[in-house]
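Chemist:
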Amino acid sequence: AQSVTQLGSHVSVSEGALVLLRCNYSSSVPPYLFWYVQYPNQGLQLLLKYTTGATLVKGINGFEAEFKKSETSFHLTKPSAHMSDAAEYFCAVTRMDSSYKLIFGSGTRLLVRP
Amino acid sequence: DAGVIQSPRHEVTEMGQEVTLRCKPISGHDYLFWYRQTMMRGLELLIYFNNNVPIDDSGMPEDRFSAKMPNASFSTLKIQPSEPRDSAVYFCASSLGSSGNTIYFGEGSWLTVV
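Chains A and B are the protein sequences, given in the same order.
Be aware that the first sequence starts at 10, since it is given in our numbering, and climbs by one per residue.
Be aware that the second sequence starts at 3, since it is given in our numbering, and climbs by one per residue.
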């Protein structure tokens, strides 16, 4: 079975500071990994994804994530936080086979202090 | 292109009433998903369809819930009878092709059962 663990339900950073949102996954087969962002009262929007190839993945709005198989991690980072980054972020995993179940973590709410 | 379109955006209904949520996926997408988001349980996959056929409905909470996809451009999620614990945001999402492809979410239907 697959699962995703996001460490920290809330993360608070100052504007301009590094953003680090943690995600660890469990999967018995090679995974596909995703980060989605949800702004208040909106649906989920894809930030970035890892399928195959380069393990450092760049996404929208200056975010990136690195797939580390040895650590079963897919942490999300951004060098400099902006006020508009305040939102909830979800890590998700699915299987690299015919199964299409996208399993989400519990989410991390990012707060950006001026 | 239009994204995934859901209706209604907001619904307040009384316990025992039937609720029907509607979804129009992105044109050409062959997968359609229904998710439910609550504070307690996070994002849960309820059911998904491939080419209008239900593939996995193991996430449907009980017999009061049913979903249909009569054609490639329309799906419904029905709750009958509704209960207060069904209050949640229900997201429809769609995707094209294999499991590594991006799943696009609608803006959600916010259901309150009183």
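Here a beta-carbon is modelled for each residue, glycine too, at the ideal position from N, C-alpha and C.
Fair warning: this is a prediction, and the values are worked out from it, not measured in the lab.
#1: By alpha-carbon positions, which one of B:Phe107, B:Thr15, B:Ser9 ends up nearest to Gln117 (chain B)?
#2: Taking C-beta pairs closer than 7 Å, name the residues in chain B that Phe113 (chain A) reaches, listed in chain order.
#3: Between which two residues does the beta strand (DSSP E) carrying Ile105 (chain B) extend?
#4: Please report the Cβ distance between Gly102 (chain B) and Tyr45 (chain A), rounded to the nearest whole angstrom; I am assuming they are in contact, meaning their Cβ atoms lie under 8 Å.
#5: Which same chain residues end up closer than 7 Å to Gly17 (chain A) when comparing Cβ atoms and leaving out the 5 residues on each side of it in sequence?
#6: Between Phe35 (chain B) and Ala95 (chain B), which are expected to be in contact by the criterion C-beta below 8 Å, what is the C-beta distance as a whole number of angstroms?
#7: Using the beta-carbon count (16 or more within 10 Å), is Ser29 (chain B) buried or exposed?
#8: Decide if Ile69 (chain A) is buried, meaning its Cβ has at least 16 other Cβ atoms within 10 Å, or exposed.
#9: Roughly how many angstroms separate the alpha carbons of Met92 (chain A) and Pro86 (chain B), rounded to a whole number?
#10: Measuring CA to CA, which of B:Ile7, B:Phe107, B:Arg66, B:Leu48 is closest to Lys26 (chain B)?
#11: Taking 8 Å as the threshold (beta carbon to beta carbon), is Gln11 (chain A) in contact with chain B?
#12: Since Ala101 (chain A) contacts Val121 (chain A) with CB under 8 Å, what's their CB separation in whole angstroms?
#13: Could you tell me if Met41 (chain B) is buried or exposed, where buried requires 16 or more neighbouring beta carbons within 10 angstroms of its beta carbon?
#14: If we ignore side chains and look at the alpha-carbon of each, how far apart do Gly18 (chain B) and Ser97 (chain B) end up?
#15: For Ile57 (chain B), which option in B:Met71, B:Gly108, B:Ala90, B:Gly44 has the closest C-alpha, if you only look at C-alpha atoms?
#16: Could you tell me the alpha carbon to alpha carbon distance between His12 (chain B) and Ser79 (chain A), rounded to whole angstroms?
#17: For the region 90-102 of chain A, list every residue whose C-beta sits within 9 Å of some C-beta in chain B, in sequence order.
Modeler: In short, the structure shows the following:
#1: In the structure as shown, chain B begins at 3 and stops at 116. Residue 117 (chain B) is therefore absent and cannot be evaluated.
#2: Position 104 of the first sequence, counting from 1, holds the residue named residue 113 (chain A). In chain order: Gly44, Leu45.
#3: Translated into positions along the second sequence, residue 105 (chain B) becomes position 103. No residue range can be given for Ile105 (chain B), since it is assigned to no beta strand (DSSP E) and is classified by DSSP as neither H nor E.
#4: Within the second sequence, numbered from 1, the residue matching residue 102 (chain B) stands at position 100. Within the first sequence, numbered from 1, the residue matching residue 45 (chain A) stands at position 36. That pair is no contact at about 15 Å.
#5: For the purposes of this step, residue 17 (chain A) is taken as the residue at position 8 of the first sequence. Spatial neighbours of Gly17 (chain A) in its own chain (CB-CB distance under 7 Å, excluding positions within 5 residues in sequence) are listed in chain order as Arg31, Thr117.
#6: The residue you call residue 35 (chain B) lines up with position 33 of the second sequence. The residue you call residue 95 (chain B) lines up with position 93 of the second sequence. Yes, they are in contact, since the Cβ atoms of Phe35 (chain B) and Ala95 (chain B) sit about 4 Å apart, within 8 Å.
#7: Locating residue 29 (chain B) in the second sequence gives position 27, where the first residue counts as 1. With fewer than 16 other CB atoms across the displayed protein chains lying within 10 angstroms of its CB, Ser29 (chain B) is exposed.
#8: By one-based count along the first sequence, residue 69 (chain A) stands at place 60. Exposed, by the Cβ-count rule.
#9: Taking the first residue of the first sequence as position 1, residue 92 (chain A) is located at position 83. Taking the first residue of the second sequence as position 1, residue 86 (chain B) is located at position 84. Between Met92 (chain A) and Pro86 (chain B), the C-alpha separation is close to 36 Å.
#10: Within the second sequence, residue 26 (chain B) is the residue found at index 24, counting from 1. Per the Cα distances, B:Ile7.
#11: Taking the first sequence and counting its residues from 1, the one referred to as residue 11 (chain A) is at position 2. No, no contact with chain B.
#12: Numbered from 1 along the first sequence, position 92 holds the residue referred to as residue 101 (chain A). Numbered from 1 along the first sequence, position 112 holds the residue referred to as residue 121 (chain A). About 23 Å separates the two Cβ atoms, so there is no contact after all.
#13: Here residue 41 (chain B) is taken as the residue at index 39 of the second sequence, counted from 1. Exposed is the label assigned to Met41 (chain B), since fewer than 16 other Cβ atoms lie within 10 Å of its Cβ.
#14: As a position in the second sequence, residue 18 (chain B) is number 16, starting the count at 1. As a position in the second sequence, residue 97 (chain B) is number 95, starting the count at 1. Answer to the nearest angstrom: the Cα atoms are 33 Å apart.
#15: Position 55 of the second sequence, counted from the start, is the residue given in the question as residue 57 (chain B). B:Met71 is the residue among B:Met71, B:Gly108, B:Ala90, B:Gly44 whose C-alpha sits nearest the C-alpha of Ile57 (chain B).
#16: Along the second sequence, read from residue 1 onward, the residue named residue 12 (chain B) stands at position 10. Along the first sequence, read from residue 1 onward, the residue named residue 79 (chain A) stands at position 70. Spanning the two alpha carbons is a distance of roughly 44 Å.
#17: Within the region 90-102 of chain A, the qualifying residues are Phe99, Ala101.
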